[in-house]
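Numbering (the working numbering), first residue to last: 33 to 643.
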């Protein structure tokens, strides 16, 4: 790894720099959004900021920095919170792993590096729910502010058909965004199969229209060859600012309040655990919760902000009666079709990196010296399609079923959300289905892949769920995991969306030219044929895509909101939320790009800049 000018350990504050000190802003969490805020707020040298992160720094961790190590840090307690859901009754009572980044940079350091903007409809829908100023145009503005887009070479344009519009990308942002340094040879076969099926190429999917087949962007710095993520992009270059202190190993447990203000819950700091003791840090202006969709509602509830029905049985005094904390939870889900392919050297996958330690070590050395080889393999091929394109009859049946349910809904706020979702579902130009190629074995349904064989997996991802879940504490102990209950497939249409994708993927694997390299289907497998059988497969072997949102939704309070359009928590003073938990209606795309845009906009809101 290339050396830094400063030892990373010297960038981290000491306990004595934080404990019982006062900062203008105290940020709870050191993940994707938090470090954007820390960077932007300390651009003014007279503003002081403290960041409290429960995990470790990980600033020089090669398991984060080197590409193509997909999922390597999942289930590693040093990097992953290792959350699990409660048993899900509509998914065979299974519990789902919810990987979340633990450490500076949060999930931006352990995710698959996808960088995709949602359709403009999804962002405009957020404004239509009662959030003026939160729309596609604003999103694009702040997404561009975050980026330094590294355009493709002419050879790449000729080879892959990249045609990004430079006006829709940033040039001077901290985050480096690029097309993958290399792609599996299987990507071209998949793209040609989609083309033969009549799926048109979408040349600029980050411009507000994702429909079609395309090759996606990744968070990658082509100069260094390493992952670009919030710790490396936003924190490291500014870590020596005297007005910024970042403490790792510090778990925020509760907010503190000005007890002299009896009119409203005025927040003036936070308690945190460090080692075996609890300490306090004071906020002169605001506390900003940026601990993510899971931990942010936990901190609120532990602090007495939430639903009295949750808090009182646990012996927590209710400071703010706000029942919507931890509600409106939405998640992306997927199931996959995995096929064994021709073992010819013509087809390269990432399987050998996982199954052959000697090969992996050789490739690691090659990547560190030349930024080439198997570790440069990016994930690139996507198809985002309306359900109508896959199965018009299924669309008709689904819209009829949802319309009947919608008419019976007693919750006006949820009714409004579902109305917007149905509008998108019926559209010919807004995608409902995401099919992603993974050049290797990726199936939760079967035992590990066989060494020496090659596989490709196709993920059918459901991104506009109609089901709504909850995240709530179950004890007063901040170290206990909250009860994570996403209500997976409670609305059967969510499952049926995945069903139609799996059936369509199977058709693709039997079409030219993809069928010529497929040896056999490994998952779901030959025993799953009928819709009934495939539904059972999905119930047993689907998984989260780790994009959970909505637990502290930005909505008018009467519509179930936790924060207003300035991201201030209702019923409090000096308290905001800035992370994916504010998203009131889920978006079609992977969420990383959206979190950066939210944080950039939030920084301007907090600084009082016109947005």
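Backbone N, C-alpha and C define an ideal beta-carbon position, used for all residues, glycine too.
Query raised in the report: Measuring CB to CB, does residue 541 end up less than 9 Å from residue 350?
Result: Here residue 541 is taken as the residue at index 509 of the chain shown, counted from 1. Here residue 350 is taken as the residue at index 318 of the chain shown, counted from 1. With contacts defined by Cβ atoms closer than 9 Å, residue 541 and residue 350 do not form a contacting pair.
Query raised in the report: Which word fits residue 562, buried or exposed, when buried means at least 16 other C-beta atoms lie within 10 angstroms of its C-beta?
Result: The count along the chain shown starts at 1 and reaches residue 562 at position 530. Exposed is the call here.
**Report entry** N- and C-terminal bounds of the alpha helix (DSSP H) containing residue 549
**Finding:** As a working mapping, residue 549 is identified with position 517 in the chain shown. Unbroken run through residue 549: none, as it is neither H nor E.
Query raised in the report: Which residues in the same chain have their Cβ closer than 6 Å to the Cβ of residue 224, if we skip the five residues on either side of it in sequence?
Result: Here residue 224 corresponds to residue number 192 of the chain shown, with the count starting at 1. The residues 545, in chain order, have a CB closer than 6 Å to that of residue 224 in the same chain once the five nearest residues on each side in sequence are set aside.
Query raised in the report: For residue 494, which residues does DSSP report across the bridge?
Result: Position 462 of the chain shown, counted from the first residue, corresponds to residue 494. Beta-bridge pairing links residue 494 to 365 and 465.
Report task. With DSSP as the reference, label residue 627 as helix, strand or coil. Result -> As a position in the chain shown, residue 627 is number 595, starting the count at 1. In the three-state DSSP reduction, residue 627 falls in the helix class (H, G or I).
Requested in this report: Pair every Cβ in the segment 60 to 68 with every Cβ in the segment 319 to 336, then say whether three or more of these pairs are closer than 8 Å.
Outcome: Taking 8 Å as the limit for Cβ pairs, the verdict is that the segment 319 to 336 does touch the segment 60 to 68.
**Report entry** Distance, residue 633 Cα to residue 73 Cα
**Finding:** Your numbering for residue 73 matches position 41 in the chain shown. Your numbering for residue 633 matches position 601 in the chain shown. Residue 73 and residue 633: Cα-Cα distance of roughly 12 Å.
Query raised in the report: When burial is assigned at 16 or more other CB atoms within 10 Å of the CB, is residue 612 buried or exposed?
Result: Along the chain shown, read from residue 1 onward, the residue named residue 612 stands at position 580. Result: buried.
Query - CA nearest to the CA of residue 498, picked from 183, 447, 167 and 126 - result: Counting from 1 along the chain shown, the entry for residue 498 is found at position 466. Out of 183, 447, 167 and 126, 447 has the C-alpha closest to the C-alpha of residue 498.
Query raised in the report: Got a sec, what are the start and stop residues for the alpha helix (DSSP H) residue 185 sits in?
Result: Residue numbering aside, residue 185 sits at position 153 when the chain shown is read from its first letter. Per DSSP, residue 185 belongs to no alpha helix (DSSP H) and is neither H nor E.
Query - Status (buried if at least 16 other CB within 10 Å, exposed otherwise) for residue 376 - result: Counted from its first residue, the chain shown places residue 376 at position 344. Residue environment for residue 376: exposed (fewer than 16 other C-beta atoms within 10 angstroms of its C-beta).
Query raised in the report: Name the DSSP beta bridge partners of residue 147, please?
Result: Looking up residue 147 in the chain shown gives position 115. Its beta-bridge partners are 249.
Query raised in the report: With 16 other CB atoms within 10 Å as the buried threshold, where does residue 641 fall?
Result: Taking the first residue of the chain shown as 1, we reach residue 641 at position 609. Residue 641 is exposed by the Cβ-count criterion.
Requested in this report: Could you tell me which uninterrupted beta strand (DSSP E) segments, each at least 3 residues in length, are contained entirely in the segment 209 to 290, listed from first to last along the chain?
Outcome: You should have 244 to 247, 276 to 280 and 282 to 289.
Report task. Return the chain-ordered list of same chain residues with a C-beta closer than 6 Å to the C-beta of residue 627, the five sequence neighbours on each side being excluded. Result -> Sequence index remark: in the chain shown, residue 627 carries index 595 (1-based). Close CB contacts of residue 627 within its chain, under the 6 Å cut and outside five residues either way in sequence, are with 64, 65 and 612 (chain order).
**Report entry** Contained beta strand (DSSP E) runs [length at least 3] in the segment 370 to 450, N- to C-terminal order
**Finding:** Whole beta strand (DSSP E) segments, 3+ residues: 413 to 417.
Report task. Could you work out which residue in 286, 388, 93 and 393 is closest to residue 510 when comparing CA atoms only? Result -> In the chain shown, the residue the question calls residue 510 occupies position 478. Residue 510 has its Cα closest to that of 286, out of 286, 388, 93 and 393.
**Report entry** residue 600 in three-state terms, based on DSSP
**Finding:** Counting from one through the chain shown, the residue named residue 600 turns up at place 568. Strand at residue 600.
Query raised in the report: Can you give the beta carbon distance from residue 299 to residue 51, rounded, assuming they're within the 8 Å contact cut?
Result: Here residue 299 refers to the residue found at position 267 of the chain shown. Here residue 51 refers to the residue found at position 19 of the chain shown. For residue 299 against residue 51, the beta-carbon gap comes to about 18 Å, at or over 8 Å, which does not count as contact.
Report task. Assign residue 526 to one of two classes, buried (16 or more other C-beta atoms within 10 Å of its C-beta) or exposed (fewer than that). Result -> The residue labelled residue 526 in the question sits at position 494 within the chain shown. If you draw a 10 Å sphere on the C-beta of residue 526, you find 16 or more other C-beta atoms in it, and that means buried.
Requested in this report: Sort 234, 335, 158 and 132 by Cα distance to residue 588 and report the nearest one.
Outcome: Residue numbering aside, residue 588 sits at position 556 when the chain shown is read from its first letter. Ranking the options by Cα distance to residue 588, first place goes to 158.
**Report entry** Range covered by the beta strand (DSSP E) that runs through residue 59
**Finding:** What you label residue 59 is simply residue 27 of the chain shown in a count that begins at 1. Per DSSP, residue 59 belongs to the beta strand (DSSP E) from 54 to 60.
Query raised in the report: Relative to the C-alpha of residue 337, which residue among 204, 604, 307 and 248 is closest?
Result: Within the chain shown, residue 337 is the residue found at index 305, counting from 1. Considering only alpha carbons, the answer is 604.
Query - Sequence-distant residues of the same chain with beta carbon closer than 7 Å to residue 403, five excluded per side - result: In the chain shown, counting from the first residue as 1, residue 403 sits at position 371. Closer than 7 Å at Cβ, skipping near neighbours: 213 and 257.
Query raised in the report: Shortest alpha-carbon distance to residue 281 belongs to which of 185, 269, 309 and 181?
Result: The residue given as residue 281 occupies position 249 in the chain shown. When each option's Cα is compared against that of residue 281, the closest is 309.
Query raised in the report: Counting only beta-carbon atoms, is residue 325 nearer than 9 Å to chain B?
Result: Among the chains in the structure shown there is no chain B, since it carries only a single protein chain.
Report task. Just tell me which of 179, 219, 160 and 236 has its CA closest to the CA of residue 197. Result -> Reading the chain shown from its first residue, position 165 is the one you call residue 197. The shortest Cα separation from residue 197 among 179, 219, 160 and 236 belongs to 236.
Query - First through last residue of the beta strand (DSSP E) which encompasses residue 309 - result: Here residue 309 refers to the residue found at position 277 of the chain shown. According to the DSSP assignment, residue 309 belongs to the beta strand (DSSP E) that extends over 309 to 321.
Query - Option nearest residue 89 by Cα separation, candidates 535, 138 and 47 - result: Counting from one through the chain shown, the residue named residue 89 turns up at place 57. Looking at the Cα atoms, 138 is the closest of the given residues.
Query - residue 477 to residue 555 span [Cα, whole Å] - result: The count along the chain shown starts at 1 and reaches residue 477 at position 445. The count along the chain shown starts at 1 and reaches residue 555 at position 523. For residue 477 and residue 555, the distance between alpha carbons rounds to 7 Å.
Query raised in the report: How big is the Cα-Cα spacing for residue 71 and residue 624?
Result: As a position in the chain shown, residue 71 is number 39, starting the count at 1. As a position in the chain shown, residue 624 is number 592, starting the count at 1. Between residue 71 and residue 624, the C-alpha separation is close to 18 Å.
Query - Three CB pairs or more closer than 8 Å across the segment 113 to 121 and the segment 414 to 424 - result: No, they do not touch.
Report task. Excluding the 5 residues preceding and the 5 following residue 43 in the sequence, name in chain order all residues of the same chain whose CB lies nearer than 8 Å to its CB. Result -> Locating residue 43 in the chain shown gives position 11, counting from the first residue. Scanning its chain for C-beta atoms nearer than 8 Å, with the 5 sequence neighbours on each side dropped, one finds around residue 43 the residues 89, 91, 267, 268, 271, 272 and 278, in chain order.
Query raised in the report: From 354, 569 and 500, pick the residue whose C-alpha is nearest to that of residue 532; which is it?
Result: As a working note, residue 532 is residue 500 in the chain shown. From the listed residues 354, 569 and 500, the smallest Cα separation to residue 532 is found for 569.
Query - Which listed residue (328, 327, 358 and 529) has its alpha carbon closest to that of residue 341 - result: In the chain shown, residue 341 corresponds to position 309, counting from 1. Ranking 328, 327, 358 and 529 by Cα distance to residue 341 puts 358 first.
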